[in-house]
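Everything on this sheet refers to the single structure shown next.
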Amino acid sequence: MAADSQSEQTLSLPVEGMHCASCVGRVERALKGIAGVVEANVNLATERAVVRIDGAVDPAALVEAIEKLGYTVPAQTFQLTIDGMSCASCVGRVEKSLRAVPGVVDAKVNLATERAEVSGYTDLKSLIGAVAETGKVAHEAGRDEASSLEASSKRDAESRQLKRRVIVAALLAFPVFVLEMGSHLVPAIHHLIGQTIGMQASWLIQFVLTSAVLIGPGRSFYTQGFPALLKGAPDMNSLVAVGTAAAYLFSVIATFAPNLLPEGTVNVYYEAAAVIVTLILIGRWMEARAKGRTSDAIQRLLKIAPKTARVRRNGETVEIDVAAVALGDIVEVRPGERLPVDGEVIEGSTYIDESMVTGEPVPVAKEAGATVIGGTVNQTGSLAFRATAIGDDTMLAQIIRLVEEAQGGKLPIQAMVDRVTMYFVPAVIGLALLTFGVWFFFGPEPALTFGLVNAVAVLIIACPCAMGLATPTSIMVGTGRGAEMGVLFRKGEALQVLKQAQVVAFDKTGTLTEGAPRLTDLEVTPGFEASTLLAHIAAVEAKSEHPIGQAIVAAAQEQQLQLPDVSEFESVTGMGVSAKAGAHSVEIGADRYMVQLGHDVAAFKDVAERFASEGKSPLYVAYDGKLAAIVAVSDPIKETTPVAIDALHALGLKVAMITGDNSHTANAIARRLGIDEVVAEVLPQGKVEAIKSLKQAHGRVAFVGDGINDAPALAEADVGLAIGTGTDVAIEAADVVLVSGSLSGVPKAIALSKATIRNIKQNLFWAFAYNTALVPVAAGILYPAFGILLSPVFAAGAMALSSVFVLGNALRLKTWSPQMPDETQGGTSRETLEMAPAG
Numbered sequence: 004m005a006a007d008s009q010s011e012q013t014l015s016l017p018v019e020g021m022h023c024a025s026c027v028g029r030v031e032r033a034l035k036g037i038a039g040v041v042e043a044n045v046n047l048a049t050e051r052a053v054v055r056i057d058g059a060v061d062p063a064a065l066v067e068a069i070e071k072l073g074y075t076v077p078a079q080t081f082q083l084t085i086d087g088m089s090c091a092s093c094v095g096r097v098e099k100s101l102r103a104v105p106g107v108v109d110a111k112v113n114l115a116t117e118r119a120e121v122s123g124y125t126d127l128k129s130l131i132g133a134v135a136e137t138g139k140v141a142h143e144a145g146r147d148e149a150s151s152l153e154a155s156s157k158r159d160a161e162s163r164q165l166k167r168r169v170i171v172a173a174l175l176a177f178p179v180f181v182l183e184m185g186s187h188l189v190p191a192i193h194h195l196i197g198q199t200i201g202m203q204a205s206w207l208i209q210f211v212l213t214s215a216v217l218i219g220p221g222r223s224f225y226t227q228g229f230p231a232l233l234k235g236a237p238d239m240n241s242l243v244a245v246g247t248a249a250a251y252l253f254s255v256i257a258t259f260a261p262n263l264l265p266e267g268t269v270n271v272y273y274e275a276a277a278v279i280v281t282l283i284l285i286g287r288w289m290e291a292r293a294k295g296r297t298s299d300a301i302q303r304l305l306k307i308a309p310k311t312a313r314v315r316r317n318g319e320t321v322e323i324d325v326a327a328v329a330l331g332d333i334v335e336v337r338p339g340e341r342l343p344v345d346g347e348v349i350e351g352s353t354y355i356d357e358s359m360v361t362g363e364p365v366p367v368a369k370e371a372g373a374t375v376i377g378g379t380v381n382q383t384g385s386l387a388f389r390a391t392a393i394g395d396d397t398m399l400a401q402i403i404r405l406v407e408e409a410q411g412g413k414l415p416i417q418a419m420v421d422r423v424t425m426y427f428v429p430a431v432i433g434l435a436l437l438t439f440g441v442w443f444f445f446g447p448e449p450a451l452t453f454g455l456v457n458a459v460a461v462l463i464i465a466c467p468c469a470m471g472l473a474t475p476t477s478i479m480v481g482t483g484r485g486a487e488m489g490v491l492f493r494k495g496e497a498l499q500v501l502k503q504a505q506v507v508a509f510d511k512t513g514t515l516t517e518g519a520p521r522l523t524d525l526e527v528t529p530g531f532e533a534s535t536l537l538a539h540i541a542a543v544e545a546k547s548e549h550p551i552g553q554a555i556v557a558a559a560q561e562q563q564l565q566l567p568d569v570s571e572f573e574s575v576t577g578m579g580v581s582a583k584a585g586a587h588s589v590e591i592g593a594d595r596y597m598v599q600l601g602h603d604v605a606a607f608k609d610v611a612e613r614f615a616s617e618g619k620s621p622l623y624v625a626y627d628g629k630l631a632a633i634v635a636v637s638d639p640i641k642e643t644t645p646v647a648i649d650a651l652h653a654l655g656l657k658v659a660m661i662t663g664d665n666s667h668t669a670n671a672i673a674r675r676l677g678i679d680e681v682v683a684e685v686l687p688q689g690k691v692e693a694i695k696s697l698k699q700a701h702g703r704v705a706f707v708g709d710g711i712n713d714a715p716a717l718a719e720a721d722v723g724l725a726i727g728t729g730t731d732v733a734i735e736a737a738d739v740v741l742v743s744g745s746l747s748g749v750p751k752a753i754a755l756s757k758a759t760i761r762n763i764k765q766n767l768f769w770a771f772a773y774n775t776a777l778v779p780v781a782a783g784i785l786y787p788a789f790g791i792l793l794s795p796v797f798a799a800g801a802m803a804l805s806s807v808f809v810l811g812n813a814l815r816l817k818t819w820s821p822q823m824p825d826e827t828q829g830g831t832s833r834e835t836l837e838m839a840p841a842g
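Throughout the sequence shown, residue numbering follows the numbering used here, covering 4 to 842 in sequence.
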């Protein structure tokens with residue numbers, strides 16, 4: 004971003020990699036050699052370069068010059084809390100001011116969260132100063148629980164203060180409304196006032212009460228609105244201030260200097276000023292309450308982590324603050340307690356409720372070697388586990404960070420809103436002036452009164468609060484609801500793009516399947532006993548290091564079988580293995596091995612063909628010289644895979660599989676699951692090319708993967724979804740993370756994307772269409788034909804209702820639930836270990 008050529012500006016850049024004074028000198032010389040740089044001072048202790056520039060100097064050129072020397076200039080990300088924003092035009096002006104700061108690469112401001120995220124090569128002081136120039140107040144936002152609770156307390160205090168202002172304003176405005184509107188609507192009240200206090204006294208009472216409303220509860224509209232107007236950056240407060248001040252001042256002149264007004268125009272509009280301020284305060288109070296509810300998901304996540312932990316220290320168990328837990332500490336947890344940090348179980352077994360983090364309602368069994376997540380609830384047994392992640396590295400802390408980042412993001416649809424609202428308020432003021440001019444010069448008598456009333460109505464009805472809240476509130480609630488279901492949107496933009504996906508492509512191993520080979524089938528010939536055979540097969544395979552052999556051993560261990568001693572073990576290359584297991588001879592291998600040994604494998608022909616159709620590779624077993632069994636080891640399909648694919652088809656999407664596995668196995672699995680397209684036997688770069696081909700053939704592509712080799716494809720896809728149980732590299736490359744590893748999260752994420760974007764469009768329609776339709780009515784377009792005018796009071800009520808509707812509509816997403824196919828109907832269930840006799 005270019006600097007302002009009219010004045011010198013100072014830019015502060017962090018520089019990493021400097022070691023001595025000569026480094027400092029090299030960097031300074033490089034910077035001073037750039038045209039437009041007036042002065043450059045580099046500080047080794049602070050590792051910063053302070054550069055004074057004059058003219059159109061691109062900060063990117065400064066960064067490039069430093070990095071050419073071999074040093075690093077890291078871009079920084081700043082989180083700011085912005086106080087005083089009231090509408091979409093505030094957002095636009097704050098963003099514009101932040102982006103004008105030298106070194107800022109991007110700035111995103113969110114009205115609903117009242118936060119700004121700024122990235123670039125600058126410092127916090129410059130950003131806070133830029134916000135101050137717009138009349139708003141900024142300070143650094145914290146990301147810890149204390150900061151979040153402080154923000155929550157601040158919102159609560161704001162809500163309570165607004166409530167008090169509403170009560171005071173309503174008590175003062177109600178008599179004004181009765182005195183003025185009552186006398187117009189009810190003849191008896193008009194006569195009563197005339198016969199008792201008189202109209203002049205009524206006007207004086209209205210003057211006192213209305214002045215109290217404007218000076219007291221409504222003061223902020225004027226202290227913020229008029230300065231913004233004078234700076235050439237009018238906002239919602241400016242519209243309210245100009246509109247109500249016009250009505251009030253006209254009424255004051257009518258009350259105390261009626262001779263200054265044309266004949267027939269002497270009237271008061273105190274009730275318009277008082278009631279407008281009251282109604283808008285009511286709208287803001289309701290907004291403040293609703294805004295607090297939009298961040299409920301974050302608040303709940305912050306509150307579930309325990310404050311203390313019991314750890315083993317020096318041979319005894321002590322209770323310490325959770326912040327004092329160190330990596331490697333042994334933490335003890337009793338039944339019913341929450342786990343303080345992430346870890347690996349070393350003692351005990353239990354079931355843990357992980358629903359708050361993963362969205363999966365069924366408690367998960369845990370025993371030695373299992374990983375556990377901080378914040379989840381231990382249900383039945385006592386546990387001891389080794390702490391593997393603490394502080395900001397825990398899964399709960401990462402989830403909170405991801406949700407906050409997504410909630411602060413902007414969707415492509417928001418860009419259009421921002422462009423419109425930047426010019427909306429000045430356009431409304433121009434339209435109000437035009438309305439006044441048309442009525443004053445061409446309207447019926449009293450033209451001044453008509454012009455004033457209709458101009459005020461235009462100013463009030465067009466306040467763009469609803470426009471500014473339409474998108475961010477839906478994003479906040481939608482991403483929060485996703486987190487509750489175990490679907491984390493790392494980037495808010497993924498919410499919009501995911502809805503547009505035409506194809507969902509999956510990696511196979513570890514994504515569609517469990518990712519580790521398991522014994523899935525064991526069928527024996529009559530006369531043999533399955534568990535005895537399995538014990539002998541596993542004893543022999545225990546001598547082998549082949550993954551298939553390890554899977555068979557694991558199956559025997561699960562059944563707690565006693566394995567006999569093994570002797571005379573021999574591996575026959577390309578064929579199989581043989582050995583003595585106890586007193587029995589055992590041979591295990593391919594069909595050709597059995598034929599070589601003189602066995603007829605025809606008895607297992609049908610079973611072998613079935614295994615082949617399912618993508619499994621059969622192994623045959625001979626026991627004491629007789630063909631005894633056929634076994635199959637394969638990577639089992641995840642239980643949630645068939646249901647997820649059925650749900651994606653129900654959403655009208657194509658499903659593809661991209662895998663490095665052989666095409667025979669891949670096609671067999673695809674047939675079983677109803678997958679539409681298969682790309683097999685590809686390396687990681689081949690997956691990227693496959694994604695590109697799917698894009699050309701079908702449009703937007705979402706890719707689901709879990710491994711390091713999936714990271715390039717996750718980045719290439721329009722939306723990358725990473726299985727949360729996968730590698731950190733894959734998760735970092737993805738736009739969406741499925742925390743639980745359940746593939747049901749994929750259709751849930753897509754359905755949530757559709758629901759959220761639909762909600763945003765409803766909000767924008769209400770905000771834009773509402774204003775667009777009612778502004779001409781407020782200007783008086785219906786008066787010539789139907790004699791209908793929109794009172795400023797009704798305009799204020801309608802404007803407040805617009806914001807409340809948008810917030811209420813967004814909050815509906817809090818109870819949204821996806822319609823998933825019945826997991827007990829259709830699809831393929833997880834393969835189970837079959838030990839039925841052959842026959």
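C-beta atoms are modelled at their ideal positions from N, C-alpha and C, and glycine is treated no differently.
Keep in mind that this is a model prediction, so the values were computed, not measured.
Which residues DSSP lists as bridging residue i, in chain order
i	result
V490	L741
E573	S581
E905	Because the chain here runs from 4 to 842, residue 905 falls outside it and cannot be looked at.
Q12	I56
M660	F509 and V681
F81	V121
P621	A635
A497	For A497, which the question treats as bridged, DSSP gives no partner whatsoever.
L630	A625
Local Cβ density within 10 Å of residue i, reported as buried at 16 or more and exposed below that
i	result
P750	buried
Q209	buried
F128	Going by the sequence as given, residue 128 is Lys instead of Phe. Flag for K128 reads exposed.
S477	buried
T320	exposed
E834	With a pLDDT of 33 at E834, under the threshold of 50, the predicted position of this residue should be treated as unreliable, though the coordinate-derived value follows. E834 should be labelled buried.
D126	buried
A673	buried
Q12	buried
S534	exposed
D396	exposed
Whole-angstrom distance between residue j and residue i, CA atom to CA atom
i	j	result
E617	Q688	28 Å
P840	A635	Because P840 sits at a pLDDT of 33, beneath the cut-off of 50, its placement in the model cannot be relied upon, and the following sentence gives the value as read from the coordinates. Cα to Cα, the separation comes out at about 14 Å.
E837	L522	With a pLDDT of 34 at E837, under the threshold of 50, the predicted position of this residue should be treated as unreliable, though the coordinate-derived value follows. So the alpha carbons of these two residues sit roughly 9 Å apart.
G489	V704	22 Å
R484	D356	18 Å
F444	L804	33 Å
E19	A33	15 Å
N670	G702	23 Å
V543	Q599	20 Å
P17	D61	16 Å
Cβ of residue i within 8 Å of any chain C Cβ
i	result
A754	In the structure shown, chain C does not exist; there is a single protein chain.
Anticipated Cβ contact below 8 Å, residue i with residue j, distance rounded
i	j	result
A276	L217	6 Å
V507	V707	7 Å
Beta-carbon spacing of residue i, residue j below 8 Å
i	j	result
V45	D57	no
T258	V271	yes
G800	L792	no
V112	I85	yes
V334	A390	yes
V480	A632	no
V739	V722	yes
Y124	E183	no
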